[in-house]
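Enquirer: Sharing a structure, written as structure tokens. Questions coming.
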Amino acid sequence: MLRDTPVKIYALGGLGEVGKNTYCFETERSIILVDAGVRFPEATLPGVDYVIPDYSYLKSNRAKLKALFITHGHEDHIGGIPFLLRTVQIPVIYAPRLAAALIRHKLEDSRFKEPVKIVEYDADTVVPIADDFIVSFFRVTHSIPDAFGVCIDSKQGRIVETGDFKIDLTPVGPHFEIDKLAKLGSEGVDLLMADSTNAEIEGYTPSETNVRAGVEEIFEKAPGRIIVSTFSSNINRIQQVVEVALKHRRKICIMGRSMKNVISIARQYGYIHIDDQAIIEETMLRNYRMSEICIICTGSQGEAMAALSRIVSGDNKNTTIYPGDTVIFSSNPIPGNGALVDRLVNNLVKMGADVKQNSLAFSLHSSGHPSRQELRLMQRLVCPKHFMPVHGEYRMLKLHGEIATQLGLDPEKVFVCDNGDTLQLFNHKVTRIGHIPAEDVYIDGNDLDGLSSATMSDRAVLKSDGVVTILINLDHSGTKLISEPLVYTRGFSSSEQAHVVRHSKMRVEEALHECFDSHRTGSAEMRSAVRSAVSKYIERRTGRKPMLMIFLLNAVRGY
Ligand SMILES: [Zn+2]
Ligand SMILES: [Zn+2]
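The sequence shown begins at 1097 in the numbering used here and counts up one residue at a time.
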């Protein structure tokens, strides 16, 4: 009896983190996904390019996979697609127009060979999935055009997932379909899943169009070049900056790979309008007067490899910073990047630039996510019977859950979950039922196998504690040293190094002689005796636990 089949709801990514959003809805014979994102690694993950979800549960249930729905084209929602598609086959991806274009570009970029069916949806599209789900959409406002929330109807009840949103009443582009959302609410929503990114911020997120006044003011006064640095994902912002620059008769020079990519796709699909003759290449900058130039570039987070840092450090062949340049940071530092941004700003000022950053008094940036009043409004509009905060670190999810209870929802009906925690929707009631595997998988370069956590802890050891290599020369019988052991270290200070080398040699010799005396001369026994003696000494001496690499070499009897 289908009526008796519950719907399982779980996230493979997106809970306890801002990134790799991947929400799953499963019945006895179907699984649908909403979003498939990546997370960009924290500084504590050396050498990792991306973090993706563990897709193994989907792999073991691949016969059930019916479709992937994308809410919008940000990397934390689409960046996982190439990795997901290499693990399992997804029969069809539904995405709004701009996201679909970005996904196609991404798949070409990652040289994905097999054909992928991508179907564009709009606000009126309705997608039935087998006999299990009916999926429909409502338009939201966010920092990228074509952002949607998703409504999933099943025999057990209705689920609404907001996607990323803010409630912007004067947006760049189309309006939030508040009426549609209110209608869903009045018909009855059993589970709401909503964006928690700004759950710590009281009030309303300012409208995107607020930023325009600040940018206009700078353009009116700036004597020389204007360099605007922002996130390439913030297409609505780039759109506004371009409009202001063109109005002030400046040519536009785009720098940074991701910025070039995104603007080219957005122009191609009509989201950003720039005539070809208004765009200039870096090499042409010197042909124009300073007051005729607007550079739009990446690097607002102080990233060393991004366009703005490269201009400052002299790594850009075509331009540098000149006194009289005005540099606009149309962004806020992401927590953790503050020091990098400060260093970049100092260098810019040293080179004579006038730097404008976002502040309470002077608005040059607005978040794309809802603050607490908008979250309350969302609760009031949807009136959910159960609530699961999503898209946020744990403390954000917790606070968002509290907002719902303060508005009257029974705390037992609020589910603050981890990735992998599984809820069940059955006959309009949501309960917690268990957990599936949903660990982080680390991606180094384009190697899709993912790195194990053992590799990651090796890297962490190398980074913080260094490495010690020990070469031991034994005679052919393996029971006598034929020369002094060799010890090499990396990652120690020079004063530590001399000590560590000298004392380690002594410990190695002592340990080996004990082995010889007690006839424990198997290579594993000797290796372990050396390891334990040396690591104990180094930890006592330096407080560190370096990676030890021990090589036993046996001399071969000569002919
Ligand atoms: Zn987003
Ligand atoms: Zn997001």
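Ideal placement from N, C-alpha and C gives every residue a C-beta, glycine not left out.
#1: Less than 7 Å separating the Cβ of Asn-1117 from some heavy atom of ligand 2?
#2: Given a threshold of 16 other Cβ atoms within 10 Å of its Cβ, counted over all protein chains shown, does Met-1484 qualify as buried or as exposed?
#3: Excluding sequence positions up to five away, which residues of its chain have a Cβ less than 6 Å from the Cβ of Gly-1281?
#4: If you measure from each residue's Cβ to the nearest non-hydrogen atom of ligand 1, which ones come out under 5 Å, in chain order?
#5: Per DSSP, Gln-1520 forms a beta bridge with which residues?
#6: Just reading off the alpha helix (DSSP H) that Arg-1353 is part of, what are its end residues?
#7: Near Pro-1533, what residues of its chain come up, given a Cβ to Cβ distance below 8 Å and the 5 sequence neighbours on each side ignored?
#8: Does the distance from the C-beta atom of Ile-1348 to that of Ala-1374 stay below 8 Å?
#9: Determine the direct distance from the alpha carbon of His-1482 to that of Thr-1394, and round the result to whole angstroms.
#10: Which residue spans inside the segment 1239 to 1266 form an unbroken beta strand (DSSP E) run of at least 3?
#11: Mind checking which residues open and close the alpha helix (DSSP H) that includes Ala-1403?
#12: How big is the Cα-Cα spacing for Leu-1648 and Val-1564?
#13: Need the endpoints of the alpha helix (DSSP H) that Val-1307 sits in, please.
#14: On the premise that Val-1596 lies in contact with Ile-1539, defined as a C-beta separation below 8 Å, what is that separation, rounded to the nearest angstrom?
#15: Any heavy atom of ligand 2 inside 7 Å of the beta-carbon of Asp-1172?
#16: Is the segment 1304 to 1313 touching the segment 1458 to 1466, taking contact as three or more C-beta pairs under 8 Å?
#17: Helix, strand or coil for Ser-1590, going by three-state DSSP, please let me know.
#18: Any idea what DSSP makes of Gln-1469, helix, strand or coil?
#19: Expressed to the nearest angstrom, what Euclidean distance is found between the alpha-carbon atoms of Pro-1340 and Ala-1219?
#20: Under the criterion of a Cβ to heavy atom distance below 7 Å, does His-1045 qualify as lining ligand 2?
#21: Restricting to Cα atoms, I'd like to know which of Ile-1105, Lys-1251, Pro-1642, Arg-1491 is closest to Phe-1229.
#22: Look up Ile-1177 in the DSSP assignment and say whether it is helix, strand or coil.
#23: Buried or exposed for Tyr-1190, please, with buried defined as at least 16 other CB atoms from any protein chain shown within 10 angstroms of its CB.
#24: Is His-1487 near ligand 2, judged by its Cβ being under 7 Å from some heavy atom?
#25: Is the beta carbon of Ile-1359 within less than 7 Å of some heavy atom of ligand 4?
#26: Checking 8 Å against the spacing of the C-beta atoms, do Gly-1169 and Thr-1118 come in under that value?
#27: Among Ile-1314, Val-1222, Ala-1132, Ile-1350, which has the Cα closest to the Cα of Arg-1182?
#28: Give me whichever residues DSSP pairs with Gly-1109 in a beta bridge.
#29: Can you grab the Cα-Cα spacing for the pair Met-1643 / Ser-1624, in whole Å?
#30: Taking only the alpha-carbon atoms, compute the straight-line gap between Val-1103 and Val-1184 and give it to the nearest angstrom.
#31: Are the segment 1288 to 1297 and the segment 1256 to 1275 touching, with three or more C-beta to C-beta distances below 8 Å?
#32: Can you give me the Cβ contacts of Thr-1617 inside the same chain, cut-off strictly under 8 Å, excluding the 5 residues immediately before and after it?
#33: Enumerate in chain order the residues of its own chain whose CB-to-CB distance from Ala-1629 is below 8 Å, with the five nearest sequence positions on each side excluded.
#34: Looking at Leu-1440: is its Cβ nearer than 8 Å to the Cβ of Ser-1405?
#35: Helix, strand or coil, according to DSSP, for Ala-1295 in the structure here?
#36: Can you list, in chain order, the residues of its chain whose CB lies under 6 Å from that of Ala-1403, leaving out five sequence neighbours each side?
Expert: A quick look at the data gives this:
#1: yes
#2: buried
#3: Leu-1477, Val-1478, Cys-1479
#4: His-1170, Asp-1260
#5: Lys-1104, Thr-1527
#6: 1353 to 1364
#7: Asp-1150, Ser-1152, Tyr-1153, Gly-1516
#8: yes
#9: 41 Å
#10: 1243 to 1250, 1253 to 1257
#11: 1403 to 1409
#12: 14 Å
#13: 1306 to 1317
#14: Not really, about 35 Å apart at Cβ, beyond 8 Å.
#15: yes
#16: yes
#17: helix
#18: helix
#19: Per the sequence shown, the amino acid found at residue 1340 is Val instead of Pro. Looking at the two C-alpha atoms, the distance is approximately 30 Å.
#20: It is not possible to answer for residue 1045, since the shown part of the chain is limited to 1097 through 1655.
#21: Lys-1251
#22: helix
#23: buried
#24: yes
#25: No copy of ligand 4 occurs in the structure displayed; its ligands are ligand 1 and ligand 2 alone.
#26: no
#27: Ala-1132
#28: Thr-1118
#29: 14 Å
#30: 21 Å
#31: yes
#32: Gly-1574, Thr-1575, Cys-1611
#33: Arg-1603, Val-1604, Glu-1606, Ala-1607
#34: yes
#35: coil
#36: Met-1351, Gly-1352, Cys-1393, Thr-1394, Gly-1395
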